[in-house]
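K.L.:
Please see the structure below; I have some questions.
Numbering (mature numbering (1 follows the signal peptide of the UniProt record, and there is no 0)), first residue to last: -24 to -1, 1 to 342.
Below, the structure is given as structure tokens:
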């Protein structure tokens, strides 16, 4: 017997068997045929025709530059993590807006559709790319934004759409930060423009009626932009309506001071131990900063009161918790049976620092 010839024959048979199995699997994978119609100035529509083994499908719209970053192999996990709805009916010229999709004019988009079989197994991915045309707004949509209340750490805005506004989304940003936020968060979160970001970050997917919204926990005496994104009844985004606001001053011109109250000590060896401390600024404080430090470190030659003062007066813009504006109910990591010094300083609206406030305490033993 020619063993070499027999071995080659077996390899050929194995290859044919594997190819046949793969072909059979591909034939039974769930599929969905998707077409998009955006040739007219009216609403963009889509049609979906499920394949024989397709029981449901999920779809999501992305600008094409983002869609190219999402591979077919990861789409099932992406849709699952984002809780994208599974749909069951075939569709014929369904309006994009009725599916929850809105678009910018003259933009390249890709609609990603993932089919599932009756057991919920992910099948084939369909990528439907198209370019939206120039668009004349349907009717005369207008959205007005009116600041109705402004405090040191909050702002209330009334949003009033007219009858031609189909919906709108709202967001608050630090002034001048929108472009950098798109660049930083967009690739990871699935958007590449400020309109899609506002829609994603809005507290609700679509507001449709006049309403007021209050933003809290803002920085006093700070510049913000309130952005409202309307879209018309064709599901096309309109220009973003930007309302600049500056929060009111907090505090006064007198001596800024802080009272310190030692709270609960808790935790365990497994979870770690903590010490609660409440820092309460007076009505003259515009900002205050708080720490705890071990007594040993406080009394070190290179620290002392002068070192702590220098530490608290240092600007740390990358720390979002460094500047405190109201009562600070802090929970610090701490060890049992250890003596600490809680420290705080406050500054008034003129930029003048008050004195260093300290309170020494010893945590209980285990």
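All residues carry an ideal CB built from backbone N, CA and C; glycine is no exception. This structure is a prediction, so every number in the text was calculated from the model and none was measured.
Specify the secondary structure class of residue 1 as computed by DSSP and reduced to three states.
P.N.:
In this predicted model, residue 1 has a pLDDT of only 48, less than 50, meaning its place in the structure is not dependable; the value taken from the coordinates is given anyway. Note: residue 1 maps to helix in three-state DSSP.
K.L.:
Within a Cβ cutoff of 8 Å, which residues of the same chain sit near residue -19, ignoring the five residues on either side of it in sequence?
P.N.:
Here residue -19 scores only 49 on pLDDT, less than 50, and its place in the model should not be relied on; the value that follows carries that caveat. Same-chain partners within the cutoff: there are none.
K.L.:
Relative to the C-alpha of residue 213, which candidate in 220, 205 and 322 has its C-alpha closest?
P.N.:
Comparing Cα positions, the closest option is 205.
K.L.:
Kindly indicate which residue of 263, 275 and 194 has the alpha-carbon position closest to the one of residue 288.
P.N.:
Comparing Cα positions, the closest option is 263.
K.L.:
With distances taken Cα to Cα, identify the nearest neighbour of residue 25 among 50, 90 and 54.
P.N.:
Minimum Cα distance to residue 25 is reached at 90.
K.L.:
Under 8 Å, with one C-beta from each stretch per pair, do the region 81 to 96 and the region 26 to 37 reach the 3-pair mark?
P.N.:
Judged by Cβ distances under 8 Å, the region 81 to 96 makes contact with the region 26 to 37, as three or more pairs qualify.
K.L.:
Taking residue 34 and residue 61 to be in contact with their CB atoms under 8 Å, please state how far apart those CB atoms are, rounded to whole angstroms.
P.N.:
Contact flag correct, Cβ pair sits at about 7 Å.
K.L.:
When the Cα of residue 192 is compared with those of 131, 246, 295 and 228, which residue comes out closest?
P.N.:
For residue 192, the nearest C-alpha among the options comes from 131.
K.L.:
Enumerated in chain order, which unbroken segments of the alpha helix (DSSP H) with a length of 4 residues or greater are wholly contained in the region 92 to 168?
P.N.:
For the region 92 to 168, whole alpha helix (DSSP H) runs of length 4 or above, ordered along the chain, are 154 to 165.
K.L.:
Within its chain, find whatever has a CB closer than 8 Å to the CB of residue 340; leave out the 5 residues flanking it on each side and keep chain order.
P.N.:
Contacts found: 241, 312 and 313.
K.L.:
Determine the direct distance from the alpha carbon of residue 121 to that of residue 217, and round the result to whole angstroms.
P.N.:
So the alpha carbons of these two residues sit roughly 8 Å apart.
K.L.:
Can you tell which of 329, 296, 123 and 114 has its C-alpha closest to the C-alpha of residue 17?
P.N.:
Ranking 329, 296, 123 and 114 by Cα distance to residue 17 puts 114 first.
K.L.:
Compare the beta carbon distance of residue 253 and residue 268 with 8 Å and say whether it is the shorter of the two.
P.N.:
Closer than 8 Å, so yes.
K.L.:
Give every residue of the same chain whose Cβ lies closer than 6 Å to the Cβ of residue 344, excluding the five residues on either side of it in the sequence, and list them in chain order.
P.N.:
The shown model of the chain, from -24 to 342, leaves out residue 344, and the question about it has no answer.
K.L.:
Could you check where the alpha helix (DSSP H) with residue 282 kicks off and where it finishes?
P.N.:
It spans 280 to 289 - the alpha helix (DSSP H) in which residue 282 sits, taken as one unbroken run.
K.L.:
Thinking C-alpha only, which one of 257, 319 and 215 is nearest residue 230?
P.N.:
The shortest C-alpha separation from residue 230 is found at 257.
K.L.:
Contact defined as beta carbons within less than 8 Å: I believe residue 203 pairs with residue 147. What is the distance between those atoms, to the nearest angstrom?
P.N.:
About 5 Å separates the two Cβ atoms, so the contact holds.
K.L.:
Would you say residue 88 touches the ligand HEM, meaning its beta carbon is less than 7 Å from a heavy atom?
P.N.:
In the structure on display, the ligand HEM does not appear, and there are no ligands present to speak of.
K.L.:
Is residue 181 helix, strand or coil when you go by DSSP?
P.N.:
Three-state result, residue 181: coil.
K.L.:
If distances are taken between C-alpha atoms only, which option among 323, 73 and 266 comes closest to residue 307?
P.N.:
Closest option to residue 307, Cα to Cα, is 266.
K.L.:
Kindly indicate which three-state DSSP category residue 53 falls into: helix, strand or coil?
P.N.:
Residue 53 falls in the helix class under three-state DSSP.
K.L.:
With 16 as the cutoff for other CB atoms within 10 Å, does residue 338 come out buried or exposed?
P.N.:
Residue 338 should be labelled exposed.
K.L.:
If you follow the beta strand (DSSP E) that residue 306 is part of, which residue opens it and which one closes it?
P.N.:
Where residue 306 is concerned, the enclosing beta strand (DSSP E) stretches over 304 to 309.
K.L.:
Following the continuous alpha helix (DSSP H) through residue 42, name the residue where it begins and the one where it ends.
P.N.:
Here the alpha helix (DSSP H) through residue 42 covers 40 to 43.
K.L.:
May I ask you to verify whether the region 161 to 172 touches the region 34 to 51, counting CB pairs closer than 8 Å and requiring at least 3?
P.N.:
Because the criterion of three Cβ pairs below 8 Å is met, the region 161 to 172 and the region 34 to 51 touch.
K.L.:
Leaving out five residues on either side along the sequence, give the residues of the same chain with a beta carbon under 7 Å from the beta carbon of residue 66.
P.N.:
Closer than 7 Å at the Cβ level, and outside the excluded window around residue 66, lie 24, 25 and 26.
K.L.:
What does the Cβ neighbour count give for residue 296, buried or exposed, with the cut at 16 atoms within 10 Å?
P.N.:
The residue in question, residue 296, is exposed, as its Cβ has fewer than 16 Cβ neighbours within 10 Å.
K.L.:
Applying the criterion that 16 or more other CB atoms from any shown protein chain within 10 Å of the CB defines a buried residue, is residue 220 buried or exposed?
P.N.:
That one is exposed.
K.L.:
Since I believe residue 336 is in contact with residue 271 (beta carbons under 8 Å), could you give me their beta-carbon distance rounded to a whole number of angstroms?
P.N.:
The Cβ separation is near 7 Å, so the contact holds.
K.L.:
Per DSSP, which residues does residue 298 bridge with? Please list them.
P.N.:
Bridge partners of residue 298: none, in fact.
K.L.:
Whose CA, out of 232, 108 and 179, lies closest to the CA of residue 260?
P.N.:
Comparing Cα positions, the closest option is 232.
K.L.:
Going by DSSP, name the residue or residues bridged to residue 345.
P.N.:
The structure shown does not extend to residue 345, since the chain spans only -24 to 342, so no value can be given for it.
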